[in-house]
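If you read the sequences in order, they're chains G and S. Our numbering runs 268 ahead of the 1-based position in the first sequence. Our numbering runs 215 ahead of the 1-based position in the second sequence. Even glycine gets a Cβ: it sits at the ideal position worked out from N, Cα and C.
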Amino acid sequence: MQAHQRMLDPTSKGLHSGESPLLQTAGLTKRYGDFLANDCIDIDIWPGEIHALLGENGAGKSTLVKAIYGLIQPSAGEIRWQGERLSGPSDARRRGIGMVFQHFSLFDNLTVAENVALGLDGKESFKHMSARLEQVSKLYGLPLDPRREVWQLSVGERQRIEIVRALMQDPKFLILDEPTAVLTPQEADQLFIVLERLKAEGRAILYISHKLEEVKRLCDTATILRGGRKIATCNPRLETAASLARMMVGGDIKEVKAASARKTTVPRLVVNDLSLAPGEAHGVRLEHISFELKGGEILGIAGVAGNGQDELFAALSGERLSKDPGTVVIEGIAAGHLSITQRRKLGAAFVPEERLGHGAAPRMKLSENALLTGHAASGMVHRGFIDTAATLKTVDSATERFDVRKAKRDPEAGSLSGGNLQKFIVGREILRKPAVLVVGQPTWGVDAGAAAVIRQALLDLATAGAAVLVTSQDLDELSEIANRIAVMFHGKLSAPLATSEASREKLGLLMGGSSLEPKEAAHAVGA
Amino acid sequence: MELVEAIILAVLAASTPLLIAATGELVAERSGVLNLGVEGMMIVGAACGFAGAWLTGSIFIGALFGIVAGTMMSLIFALMALGLAVNQVATGLALTIFGVGLSGLIGARFVGERITPAVHLSIPGLTDIPLAGRVLFGEDAFVYVSVALVVGVWWFLYRTRAGLILRACGDNHVSAHALGYPVLRIRTFAVMFGGACAGLAGAYLPLAYTPFFIPGMTAGRGWIALALVVFSSWRPGRLVVGAYLFGTVTILQLHAQGWGVGIPSQFMSALPYLATIIVLVLLSRARSGGSTAPAALGTVFVPDR
């Protein structure tokens with residue numbers, strides 16, 4: 269019976285015969301109140317494999333790895349390391365589990381070396397540790413200056429600190445939580461080389477991602493989670509991206525359809541030589557940004573986070589004013605000096621990147637949140653009094669048109685899931701029939717179903733004649749919906765490329781700060 | 216000559232309680248905890264310190280009483296703000312109000328009593344050197360302890376691993392927890408150290424500054440210590456500058472009022488505050504980039520279940 273089962277399970281036969289798994293979870297369950305974040309999950313991780321953990325947001329991936337790393341206590345079930353039970357993060361680290369967090373666990377005001385020292389057990393002297401840090405970072409091709417403070421570093425460099433810190437503990441098992449989400453395609457390629465090398469050294473890697481192509485390329489095994497349950501364990505190389513997606517989502521995802529030919533009309537949003545000093549201590553200076561966006565057009569702005577996208581959004585929305593009114597022209601009217609409300613009255617609408625706190629006030633009801641952006645131009649206020657019926661109507665229309673799922677008619681914004689709140693916020697602005705829509709990261713952290721709804725809504729809006737500006741780090745998203753794509757780097761904006769000409773490679777070079785001059789860029793991708 | 220020496224001695228005496236209390240609070244804030252109860256911990260330290268010295272006749276035991284009292288007060292704060300995750304600002308303010316009341320209760324019995332104040336160091340030869348002698352070699356033990364304390368704290372924060380971990384907790388408690396550090400335990404120790412220092416600073420007042428206890432004798436020094444920590448951008452070196460500057464201007468303006476300088480006395484009384492703020496703001500402007508405050512300061516941390 270035992271032997272028969274083994275034969276049926278493709279991951280544990282032959283390949284691993286005679287060995288035992290490095291790490292096992294057995295019936296791992298984590299309950300938050302009534303909510304089962306993880307429901308009886310069994311996973312085996314073997315030495316020398318790259319094991320993908322796939323799933324939508326909310327599928328329970330983060331909960332599972334936090335439990336494995338010992339950050340949270342499982343409600344039931346066990347985690348075994350070579351057969352022994354684990355207790356707590358220091359136990360996990362001592363036995364050789366390393367973790368690279370999605371939201372970096374770095375200390376902004378400490379130096380690189382201090383950050384690394386905090387991740388180690390402190391048995392060696394600081395001087396010796398610094399020397400070893402330089403050694404390890406050189407060995408794996410992850411250059412770092414130990415004396416710099418973290419706030420001065422780019423996102424890619426910050427991730428390098430995390431990886432080097434994990435590697436310095438000589439881990440047998442390394443967990444990476446969506447490591448490529450913040451990287452340029454070239455930086456991601458570099459990371460894959462490092463991971464292949466770690467695998468060749470016999471280390472096991474648990475790789476969390478929702479980028480299917482990446483997983484197919486890199487991983488030997490994939491475990492798919494959905495709604496807190498394990499759906500399947502498979503060999504991703506034998507699957508198609510579509511079959512993996514189906515397992516993740518539990519059905520087919522609606523395909524986004526662009527209207528066959530969108531007609532572009534007059535320029536509706538023009539930016540002329542916009543330069544702006546940074547507003548906060550670690551901000552980016554915008555330098556000579558110019559572009560023209562016509563009605564019916566979607567312009568995508570790609571770039572690694574923190575290259576001035578937030579600052580550009582603030583300058584366009586009117587959160588920060590420009591001294592020269594002519595730098596931002598909305599519907600033919602110089603608006604650089606106008607307030608947010610005045611710009612909304614001109615027909616502009618804005619959806620910031622951060623949903624909770626910036627796009628919506630978490631503790632206020634949806635109807636109140638609708639009023640917050642709609643008060644000036646949507647007839648929700650009469651003689652200073654709020655027309656409650658009108659605000660509720662906005663909530664209902666947004667709910668209906670954009671499939672917002674919520675527990676009651678008018679809940680607090682903070683109680684909605686990320687995807688549903690984002691659908692509501694985008695819907696709220698689109699219902700105002702804006703002439704210009706500026707959106708930051710429309711589908712960041714949103715499940716695939718909601719992402720498809722939002723992208724379709726943006727396309728429909730453009731088809732109806734509006735000008736849409738989308739900043740995103742997701743190149744697939746931009747090539748799906750944008751007519752043209754420009755890249756932001758260190759506060760400068762490249763000339764837009766037509767989407768048909770914007771290959772991943774070209775965009776990747778621009779995202780890394782190279783220009784597209786015809787000179788041969790030597791790719792230092794040594795295997 | 217005599218006058219200059221007297222002024223310097225008075226400045227040191229006025230600055231020492233500020234320096235001790237602020238050093239303790241600096242450590243607590245560097246770990247990410249904003250304890251606004253410094254004034255309350257100081258005044259209880261003053262009452263208990265005097266009680267200890269009066270009962271035993273020993274200044275040393277009095278100081279110990281002050282330290283223990285301040286630590287006990289800070290434990291109340293730690294229980295509320297760290298253990299039960301209550302808002303730190305509200306807890307700190309409540310602690311001060313509680314401390315003022317409690318010290319009145321403890322101290323009522325001792326109002327009007329006198330003790331022999333702390334003895335000053337006396338090294339034949341050295342102490343007799345004009346001007347520098349009494350300033351350097353003729354102080355009471357508290358002054359030497361305060362200097363050792365601030366140097367020790369600097370060394371601890373920037374030269375030891377434990378100090379690095381403490382600063383890390385103040386910068387990002389989520390990350391510190393993720394790396395396996397017991398954030399709440401570390402913060403509790405930091406708060407206790409802050410309480411011990413505040414208690415000692417409070418005890419200094421009736422044990423060395425004036426040889427008797429009166430209710431409310433801290434007179435806002437706890438609040439000044441808190442302000443000094445902020446304006447020193449959480450750096451021990453600047454804290455020394457700020458505390459001595461404040462003491463210097465306080466004493467000088469008193470003398471100036473005595474000499475009859477034609478400036479309204481209200482303005483003169485405000486001078487120490489103005490001068491200290493201006494100098495420390497200028498100092499912190501000199502540093503470019505980087506945030507100065509511990510990023511997690513005053514935020515509640517509840518570890519994942």
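Note on Tyr475/G: 16 or more other CB atoms within 10 angstroms of its CB, so buried under the neighbour-count rule. If the five residues before and after Lys484/G are omitted, its C-beta is found closer than 8 Å to the C-beta atoms of Pro504, Arg505, Glu507, Ala509, Leu512, all from its own chain and listed in chain order. Inter-residue distance for Gly627/G and Asn688/G is about 13 Å (C-alpha atoms, whole angstroms).
Using a C-beta cut-off of 8 Å, the stretch 294–309 of chain S makes contact with the stretch 235–250 of chain S, since at least three inter-stretch Cβ pairs fall below that distance. Relative to Met756/G, the option among Asp445/G, Ile569/G, Arg514/G whose CA is nearest is Ile569/G.
Residues of the stretch 370–402 of chain G whose Cβ lies closer than 9 Å to any Cβ of chain S, in chain order: His371, Phe372, Ser373, Leu374, Phe375, Asp376, Asn377, Leu378, Glu382, Asn383, Ala385, Leu386, Gly387, Gly390, Phe394. Contact between the stretch 435–450 of chain G and the stretch 543–557 of chain G is not established, with fewer than three Cβ pairs separated by less than 8 Å.
For secondary structure counted as the beta strand (DSSP E) over 3 or more consecutive residues, the stretch 588–638 of chain G holds these complete runs in sequence order: 596–598, 616–619. For Ala510/S, the neighbours in chain G by C-beta distance under 9 Å run, in chain order, Phe375, Asp376, Asn377. With a threshold of 8 Å between beta carbons, Ser358/G makes contact with chain S.
Listed in chain order, the non-local C-beta contacts of Asn383/G below 8 Å within the same chain comprise Leu374, Phe375, Val418, Ile429, Arg433, local neighbours out to five positions each way being set aside. Distance check between Gly314/S and each of Ile344/S, Val494/S, Pro430/S places Pro430/S closest, using alpha-carbon atoms only. Residue pairing of Thr501/G in beta bridges, as defined by DSSP: Thr491/G. Identification of chain G residues near Asp386/S by a Cβ-Cβ cut-off of 7 Å yields Phe375, Asp376, Asn377, Leu378, ordered along the chain.
Counting only unbroken stretches of 4 or more residues, the alpha helix (DSSP H) elements lying wholly within the stretch 651–678 of chain G are 656–670, in sequence order. CA-to-CA, the gap between Phe670/G and His605/G works out to about 34 Å.
By the Cβ-count criterion, Ala583/G is buried, with 16 or more other Cβ atoms from all chains shown falling within 10 Å of its own Cβ.
In this model, Val259/S and Gly387/G are separated by some 40 Å (Cα to Cα). The C-beta separation of Val494/S from Leu234/S comes to about 16 Å, leaving the pair out of contact by the 8 Å criterion. For Phe757/G, the secondary structure class from DSSP, reduced to helix, strand or coil, is strand.
Scanning its chain for C-beta atoms nearer than 7 Å, with the 5 sequence neighbours on each side dropped, one finds around Met483/S the residues Gln468, Ala471, Gln472, in chain order.
Look at the stretch 483–512 of chain G: it has no residue with a C-beta under 9 Å from a C-beta of chain S. When Cβ-Cβ separations below 8 Å define contact, Leu435/G makes no contact with chain S.
The three-state secondary structure of Pro535/G, taken from DSSP, is strand. Pairing Ala763/G with Leu399/S, the inter-Cα distance amounts to about 51 Å.
Distance between Ala490/G and Gly513/S, taken at the CA atoms: about 42 Å.
If you draw a straight line from the Cα of Thr641/G to the Cα of Ile749/G, it is about 25 Å long. Taking a C-beta distance under 8 Å as the contact criterion, Val707/G and Lys691/G do not qualify as a contact pair.
In chain order, Phe375, Asn377, Leu378, Glu382 make up the part of chain G whose C-beta sits under 9 Å from the C-beta of Arg382/S. If you draw a straight line from the Cα of Leu443/S to the Cα of Thr271/S, it is about 34 Å long. Note on the stretch 260–328 of chain S: whole alpha helix (DSSP H) runs with a minimum of 4 residues are 274–292, 303–322, in chain order. Contact between Ile439/S and Phe408/S is absent: CB atoms are separated by about 19 Å, not below the 8 Å threshold. Nearest Cα to Pro232/S within the set Leu299/S, Gly353/S, Thr425/S: Thr425/S. Scanning the stretch 315–372 of chain G from its first residue to its last, the whole beta strand (DSSP E) runs of 3-plus residues come out as 318–322, 344–349, 365–368. Between Gly574/G and the set Ala666/G, Pro593/G, Val552/G, Val539/G, the nearest pair of CA atoms involves Val552/G. When C-beta atoms of the stretch 460–474 of chain G are compared with those of the stretch 439–451 of chain G, three or more pairs fall below 8 Å, so the two segments count as touching.
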